[in-house]
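J.: I'd like to ask some things about the structure below.
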Amino acid sequence: MSKAKFNFIMFIMAAVLLCAVPQSSAQYPTKTIQIINPFPPGAVTDIVARLMAPKLSASLGQQVVIVNKAGGGGAVGIQAAKDAAPDGYTILVTPPPIALIPIVNKNSGFTLKDFTPLGLATSSPNTTVVKSDAPWKSLEEFIAEAKKSPGQLTYGSAGPGTTPHFIGELVKLKTGIEMTHVPLGSESAAATAVLGGHVNVAFLTLGTTRSHVEAGTLRALAVASNRRLKDFPNIPTTVEKGHPELNLKVWVGFFAPAKTPAAAVKRLAAAINESLKDAEVVANIEKAQALIENLGPAEFAKFLAEEERKWGEVARAAKISQ
Amino acid sequence: MELLHNFALGLSVALTPMNLLFCFIGALVGTLVGVLPGLGPVGAVAFLLSITFKMEPASAIIMLAGIYYGAMYGGSTTSILVNIPGETASVVTCLDGYKMARQGRAGAALGISAFGSFIAGTVGVVGLMFLAPLLGRAALSFGPAEYFALTLTGLTLVAYLSQGSMTKALIMAVLGLLAGAVGMDPISGEERFTYGTLTLRDGFGLVPVAMGLFGIAEVLENLIVLGGQSVYETKIQGLLPNRQDWRDSAAPIARGSVVGFFLGILPGPGPVIASFVSYAMEKRLSRYPEKFGTGVIEGVAGPEAANNAATAGSFIPLLSLGIPTSAIMALFMGALMIHGIQPGPLFIAKYPELFWGFIASMYVGNAMLLVLNLPLIGIWVKLLKTPYAILFPLILLFCLIGVYSLNANVAEIVIMLAFGVIGFLLRRVGYEGAPFILAMVLGPIMETSLRQTLLISRGSFMIFLNRPICAVLIGLTVVFLLWPLFKGARREA
Numbered sequence: 001m002s003k004a005k006f007n008f009i010m011f012i013m014a015a016v017l018l019c020a021v022p023q024s025s026a027q028y029p030t031k032t033i034q035i036i037n038p039f040p041p042g043a044v045t046d047i048v049a050r051l052m053a054p055k056l057s058a059s060l061g062q063q064v065v066i067v068n069k070a071g072g073g074g075a076v077g078i079q080a081a082k083d084a085a086p087d088g089y090t091i092l093v094t095p096p097p098i099a100l101i102p103i104v105n106k107n108s109g110f111t112l113k114d115f116t117p118l119g120l121a122t123s124s125p126n127t128t129v130v131k132s133d134a135p136w137k138s139l140e141e142f143i144a145e146a147k148k149s150p151g152q153l154t155y156g157s158a159g160p161g162t163t164p165h166f167i168g169e170l171v172k173l174k175t176g177i178e179m180t181h182v183p184l185g186s187e188s189a190a191a192t193a194v195l196g197g198h199v200n201v202a203f204l205t206l207g208t209t210r211s212h213v214e215a216g217t218l219r220a221l222a223v224a225s226n227r228r229l230k231d232f233p234n235i236p237t238t239v240e241k242g243h244p245e246l247n248l249k250v251w252v253g254f255f256a257p258a259k260t261p262a263a264a265v266k267r268l269a270a271a272i273n274e275s276l277k278d279a280e281v282v283a284n285i286e287k288a289q290a291l292i293e294n295l296g297p298a299e300f301a302k303f304l305a306e307e308e309r310k311w312g313e314v315a316r317a318a319k320i321s322q
Numbered sequence: 323m324e325l326l327h328n329f330a331l332g333l334s335v336a337l338t339p340m341n342l343l344f345c346f347i348g349a350l351v352g353t354l355v356g357v358l359p360g361l362g363p364v365g366a367v368a369f370l371l372s373i374t375f376k377m378e379p380a381s382a383i384i385m386l387a388g389i390y391y392g393a394m395y396g397g398s399t400t401s402i403l404v405n406i407p408g409e410t411a412s413v414v415t416c417l418d419g420y421k422m423a424r425q426g427r428a429g430a431a432l433g434i435s436a437f438g439s440f441i442a443g444t445v446g447v448v449g450l451m452f453l454a455p456l457l458g459r460a461a462l463s464f465g466p467a468e469y470f471a472l473t474l475t476g477l478t479l480v481a482y483l484s485q486g487s488m489t490k491a492l493i494m495a496v497l498g499l500l501a502g503a504v505g506m507d508p509i510s511g512e513e514r515f516t517y518g519t520l521t522l523r524d525g526f527g528l529v530p531v532a533m534g535l536f537g538i539a540e541v542l543e544n545l546i547v548l549g550g551q552s553v554y555e556t557k558i559q560g561l562l563p564n565r566q567d568w569r570d571s572a573a574p575i576a577r578g579s580v581v582g583f584f585l586g587i588l589p590g591p592g593p594v595i596a597s598f599v600s601y602a603m604e605k606r607l608s609r610y611p612e613k614f615g616t617g618v619i620e621g622v623a624g625p626e627a628a629n630n631a632a633t634a635g636s637f638i639p640l641l642s643l644g645i646p647t648s649a650i651m652a653l654f655m656g657a658l659m660i661h662g663i664q665p666g667p668l669f670i671a672k673y674p675e676l677f678w679g680f681i682a683s684m685y686v687g688n689a690m691l692l693v694l695n696l697p698l699i700g701i702w703v704k705l706l707k708t709p710y711a712i713l714f715p716l717i718l719l720f721c722l723i724g725v726y727s728l729n730a731n732v733a734e735i736v737i738m739l740a741f742g743v744i745g746f747l748l749r750r751v752g753y754e755g756a757p758f759i760l761a762m763v764l765g766p767i768m769e770t771s772l773r774q775t776l777l778i779s780r781g782s783f784m785i786f787l788n789r790p791i792c793a794v795l796i797g798l799t800v801v802f803l804l805w806p807l808f809k810g811a812r813r814e815a
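Taken in order, these protein sequences are the chains called A and B.
Going by our numbering, the first residue of the first sequence is number 1, and it counts up by one from there.
Going by our numbering, the first residue of the second sequence is number 323, and it counts up by one from there.
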């Protein structure tokens, strides 16, 4: 059965349920809520949203369905969410591209201002990885080598304007080293290129590198975090290496279109907060290699402003934008 | 005898009643989405993914994998019967499969494609079982330079895909390369020929274009040119391949299995590329290459074996390295991650019951598919008696639903219809779609890998000759290209 058909059946089911249960009042929400995921099924946004969906449904008293609208590195789905009616029945789950795409492409058709943040759900810390037989045992050694031969070392990214690209440029900016950027199309392609020795380093989420760090096929020189990770106490953090500005993570957050009524925003934010406190949801998300953040709308907005400032600066310095 | 022990463990997982059931469901759904043009395994797996959250991880992956390889069985059905590929990996099967059906040999074509798929599927699983970790590591030595060389070799195959004029085939290949250039520049991120639309930022999707060029164009042709008349007046001879068919197909199936398995390991649409390579190889090796395209069984047996073996091969990077090399492998990864299982170098050691259960289920699944598909042949062939007035609107409907189900994007339906009209017009003047599809698949990989290589080498082309695998592939390409000239010169002398 196709997704369209599935949605249609869900719609009918919701409609039947609505008719069966007499509505005491027309309080929000009164019908199915769509969560647009701008990435394909199986992506981290999809996993997080699907793990949260049953609890969200329970808490909102309405069916919550996830609609995958992939394309354009997330732009297609984010645009669709922006264009949706701001009635609280269409919301968006997305990683950093919602902030990065408008910085890279001035004509992207949306900015963060087109959305109301509902909550920051999860994050995955960034790891600096090299091949296990690479000569550099620490971040310092790598930086020293890069300084000795500027531009000779290569770093792999998931493509132009993606998080690993931005992070690579930020590293260059903050440490003063020169590296050549090689866009490889996806995080896993970048990991593959490091494993095969085709590029020297990559800055990838722990979700991507974890199994290789565990197996010893990749060496993590640093992890972007305030504290050492419970599962990897041997990996030094960027903070203790004296680079607090490199404390980066790839997050997953929920948004509503900008003009969504305040009451609906409040209700949705409360449901997201509640489901991220549920023990089963927390355990499942952690099993899927993401860390719970659970920041409310106000804190999330502050966090986003900081992200926008930081990446805007990198884009200007590295001339990433078009 | 650790292997036997492991395999016994695998069987103990795969043969539980529940997992047998899920394996069967997967195979059945796979056959269905394979048969229905437009609906593909990616859509079906994506849809069933959320159901698997509540299942045991082994059951989940057994069922989802069944859909994937099951689709390769079903994909050839409509290629053979109505010249419309059920899957993009069955595009090349149209060339000879449909001609066979027109000669009343639909049963033989369907039969050999079911047996070929079964044999290749089994060979693929054997390869997966014995070679997964080894090949996973070997695949890592393929960097951007090697991919560039490989796609260069791949492009020379266009020469074997022309059914009429070679010039026309080359023109279509160039157009395919141009179509492949649409979308975001993979290196700089600039937009090319997107006209400001979001949909075109990712370029033309393979499924909408293939379904347009082959599916919609065929419907239009039947409607406009043949006036909706049934073209099946030939008597149908036999429902199974005869002895001669088997003799002709044995070697192509064997070669297709091996080539498909190895090509499946590489990133990109492995089964699609594998089917093209197998077809070109059979034509190259044949004693009567001029007959290809007129309904020779080798042109069905080879590619259908290759795309099935490729599905087995494509699991290798995921299961041995945790690297998903295509959209569908990313779905499998998601299916495992959601259960807290991280595929990676330690996967086989950490989850032996999962890995071996999965392997064993693929043997079982392939056998189920053969049993499922052989009796269906009779039904499919009878289906040809269905009036086109009923059959074609249905095909059109499935194409529309299938393409929409990919990304819930109406613009992709428009792309499919546009390519349908273009494909129909081009066909009227003798331009074929197959070289276009091959070039459109290979072009972007070729461009990206060339530019990545030159970034890594800081602009030096010597990197292509300094790397052994790469140099060999480029040498082969030169030989392929110059061989006909050399042969021609000798004949004249």
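Glycine is no exception: its CB is placed at the ideal position from the N, C-alpha and C atoms.
If you're wondering where the values come from, they're calculated on a predicted model, not measured in any experiment.
Among B:L497, B:A495, B:V686 and B:L585, which one has its Cα closest to the Cα of B:L343?
T.: Locating residue 343 of chain B in the second sequence gives position 21, where the first residue counts as 1. Considering only alpha carbons, the answer is B:V686.
J.: Using a beta-carbon distance below 8 angstroms, is B:N788 in contact with chain A?
T.: Mapped onto the second sequence, residue 788 of chain B falls at position 466. No, B:N788 does not count as interfacial toward chain A.
J.: Are the CB atoms of B:L798 and B:T475 within a distance shorter than 8 angstroms?
T.: Start at 1 with the first residue of the second sequence, and residue 475 of chain B comes out as number 153. Start at 1 with the first residue of the second sequence, and residue 798 of chain B comes out as number 476. Contact flag set, yes.
J.: Tell me the DSSP bridge mates of A:W157?
T.: Here residue 157 of chain A is taken as the residue at index 157 of the first sequence, counted from 1. Checking the displayed sequence, the identity of residue 157 of chain A turns out to be Ser instead of Trp. In DSSP, A:S157 forms a bridge with A:P183.
J.: Between the C-alpha atoms of A:K319 and B:L643, what's the straight-line distance to the nearest angstrom?
T.: For the purposes of this step, residue 319 of chain A is taken as residue 319 along the first sequence, with counting starting at 1. For the purposes of this step, residue 643 of chain B is taken as residue 321 along the second sequence, with counting starting at 1. So the alpha carbons of these two residues sit roughly 35 angstroms apart.
J.: Using the Cβ count rule (16 or more neighbours within 10 Å means buried), how would you classify A:E306?
T.: Position 306 of the first sequence, counting from 1, holds the residue named residue 306 of chain A. Flag for A:E306 reads exposed.
J.: Which of the three DSSP states is assigned to B:W702 in this structure?
T.: Indexing the second sequence from 1 puts residue 702 of chain B at position 380. Residue state, collapsed to three classes: helix.
J.: With a 10 Å radius around its C-beta and 16 neighbouring C-beta atoms as the bar for buried, classify B:I600 as buried or exposed.
T.: Stepping through the second sequence from its first residue, residue 600 of chain B is reached at position 278. Here the sequence assigns Ser to residue 600 of chain B, which means Ile is not the residue at that position. Buried, because 16 or more other Cβ atoms sit within 10 Å of the Cβ of B:S600.
J.: Examine chain A for any beta-carbon lying closer than 8 angstroms to the beta-carbon of B:L653, and answer yes or no.
T.: What you label residue 653 of chain B is simply residue 331 of the second sequence in a count that begins at 1. Cβ-Cβ to chain A under 8 angstroms: yes for B:L653.
J.: As a quick exercise: from B:W805, B:R789 and B:I723, pick the residue whose alpha carbon is nearest that of B:V355.
T.: In the second sequence, residue 355 of chain B corresponds to position 33, counting from 1. Here the closest residue by C-alpha is B:I723.
J.: May I ask you to list the residues that DSSP assigns as paired with A:I66?
T.: Residue mapping note: residue 66 of chain A aligns to position 66 of the first sequence, counting from 1. In DSSP, A:I66 forms a bridge with A:I35.
J.: Can you grab the Cα-Cα spacing for the pair B:W678 / A:K131, in whole Å?
T.: Taking the second sequence and counting its residues from 1, the one referred to as residue 678 of chain B is at position 356. Taking the first sequence and counting its residues from 1, the one referred to as residue 131 of chain A is at position 131. Distance between the alpha carbons of B:W678 and A:K131: 29 angstroms.
J.: Can you check which of these residues, A:A220, A:F254, A:G197 and A:E274, is closest to B:R789 by C-alpha distance?
T.: Stepping through the second sequence from its first residue, residue 789 of chain B is reached at position 467. Looking at the Cα atoms, A:G197 is the closest of the given residues.
J.: Any C-beta of chain B within less than 8 angstroms: which residues of the stretch 165–195 of chain A qualify?
T.: Those would be T180, H181, V182, P183, L184, G185, S188, A189, A191, T192, A193 and L195, in chain order.
J.: Around the C-beta of A:S91, are 16 or more other C-beta atoms found within 10 angstroms, so that it is buried, or is it exposed?
T.: By one-based count along the first sequence, residue 91 of chain A stands at place 91. Residue identity check: residue 91 of chain A is Ile in the sequence provided, not Ser. Counting Cβ neighbours within 10 Å, A:I91 comes out buried, since at least 16 surround it.
J.: Cβ closer than 7 angstroms: which chain A residues qualify as neighbours of B:N341?
T.: Numbered from its first residue, the second sequence carries residue 341 of chain B at position 19. Near B:N341 there are no residues of chain A at all, since even the closest Cβ is about 21 angstroms away, more than 7 angstroms.
J.: Kindly give me the distance between the Cβ atoms of B:T521 and A:G61, rounded to whole angstroms, as I take these residues to be in contact under 8 angstroms.
T.: By 1-based counting over the second sequence, the position of residue 521 of chain B is 199. By 1-based counting over the first sequence, the position of residue 61 of chain A is 61. Going by Cβ atoms, the distance from B:T521 to A:G61 rounds to 36 angstroms, so no, they are not a contact pair.
J.: What do you reckon, are the CB atoms on A:P117 and A:P261 nearer than 8 angstroms?
T.: On the first sequence, position 117 is the one that residue 117 of chain A refers to. On the first sequence, position 261 is the one that residue 261 of chain A refers to. No, the pair does not count as a contact, with Cβ atoms beyond the cut-off.
J.: State the Cα-Cα distance for the pair A:N247 and B:I538, rounded to the nearest angstrom.
T.: Position 247 of the first sequence, counted from the first residue, corresponds to residue 247 of chain A. Position 216 of the second sequence, counted from the first residue, corresponds to residue 538 of chain B. Roughly 52 angstroms separates the two Cα atoms.
J.: Buried or exposed for B:A682, going by 16 or more other Cβ atoms inside 10 Å?
T.: Taking the first residue of the second sequence as 1, we reach residue 682 of chain B at position 360. Classification for B:A682: buried.
J.: List, in order along the chain, the chain B residues whose C-beta lies closer than 8 angstroms to that of A:E280?
T.: Sequence index remark: in the first sequence, residue 280 of chain A carries index 280 (1-based). Those within 8 angstroms of A:E280 in chain B number zero; the least Cβ separation is about 12 angstroms.
J.: Residues of chain B with a CB under 9 angstroms from the CB of A:V301: which are they?
T.: On the first sequence, position 301 is the one that residue 301 of chain A refers to. It should be noted that the sequence gives Ala, not Val, for residue 301 of chain A. Per Cβ cutoff of 9 angstroms: no residues; A:A301 is ~26 angstroms from chain B at best.
J.: Please tell me whether B:L371 and B:M385 are closer than 8 angstroms, where the distance is taken between their beta carbons.
T.: Within the second sequence, residue 371 of chain B is the residue found at index 49, counting from 1. Within the second sequence, residue 385 of chain B is the residue found at index 63, counting from 1. Result no, Cβ atoms of B:L371 and B:M385 do not sit closer than 8 angstroms.
J.: Got a sec: is the Cβ-Cβ distance from B:A730 to anything in chain A below 8 angstroms?
T.: Taking the second sequence and counting its residues from 1, the one referred to as residue 730 of chain B is at position 408. Yes, contact with chain A.
J.: Compute the distance between the beta-carbons of B:A442 and B:G662, then report whether it is under 8 angstroms.
T.: On the second sequence, residue 442 of chain B is found 120 positions in, with the first residue counted as 1. On the second sequence, residue 662 of chain B is found 340 positions in, with the first residue counted as 1. For B:A442 and B:G662, no; Cβs fall outside 8 angstroms.
J.: When every heavy atom of the ligand MG is checked, does at least one fall within less than 7 angstroms of the C-beta of B:I587?
T.: Ligands in the displayed structure: none, and consequently the ligand MG is not present.
J.: Classify A:V21 as helix, strand or coil using the three-state DSSP reduction.
T.: Position 21 of the first sequence, counted from the first residue, corresponds to residue 21 of chain A. Bear in mind that the predicted position of A:V21 carries a pLDDT of just 46, short of 50, making it unreliable; the figure below should be weighed with that in mind. Coil at A:V21, not helix or strand.
J.: Name the residues in the stretch 514–536 of chain B whose C-beta lies less than 8 angstroms from a C-beta of chain A; which are they?
T.: Residues G518, L520, T521, R523 and D524.
J.: May I ask you to report which of helix, strand or coil DSSP gives A:I320?
T.: In the first sequence, residue 320 of chain A corresponds to position 320, counting from 1. Of the three classes helix, strand and coil, the one that applies to A:I320 here is coil, per DSSP.
J.: Taking C-beta pairs closer than 7 angstroms, name the residues in chain B that A:G161 reaches, listed in chain order.
T.: The count along the first sequence starts at 1 and reaches residue 161 of chain A at position 161. The contacting residues are G511.
J.: Which two residues bound the contiguous beta strand (DSSP E) that contains A:R219?
T.: Here residue 219 of chain A refers to the residue found at position 219 of the first sequence. Its beta strand (DSSP E) spans residues L218 to V223.
J.: Using 10 angstroms around the beta-carbon of A:I377, count the other beta-carbons present and answer buried if the total reaches 16, otherwise exposed.
T.: The shown model of chain A, from 1 to 322, leaves out residue 377 of chain A, and the question about it has no answer.
J.: Should the stretch 508–521 of chain B be regarded as contacting the stretch 699–707 of chain B, the criterion being three or more beta carbon pairs within less than 8 angstroms?
T.: Segments in contact, no.
J.: Helix, strand or coil: how does DSSP classify B:I538 here?
T.: Residue 538 of chain B sits at position 216 when you count from the first residue of the second sequence. Correct three-state label for B:I538: helix.
J.: For the stretch 121–141 of chain A and the stretch 212–229 of chain A, state whether three or more C-beta atom pairs, one from each stretch, are separated by less than 8 angstroms.
T.: These segments touch.
J.: Against chain B, does A:G72 count as a neighbour if the rule is that its beta carbon must be under 8 angstroms from one of theirs?
T.: Position 72 of the first sequence, counting from 1, holds the residue named residue 72 of chain A. Closer than 8 angstroms to some Cβ of chain B, the Cβ of A:G72 qualifies, so yes.
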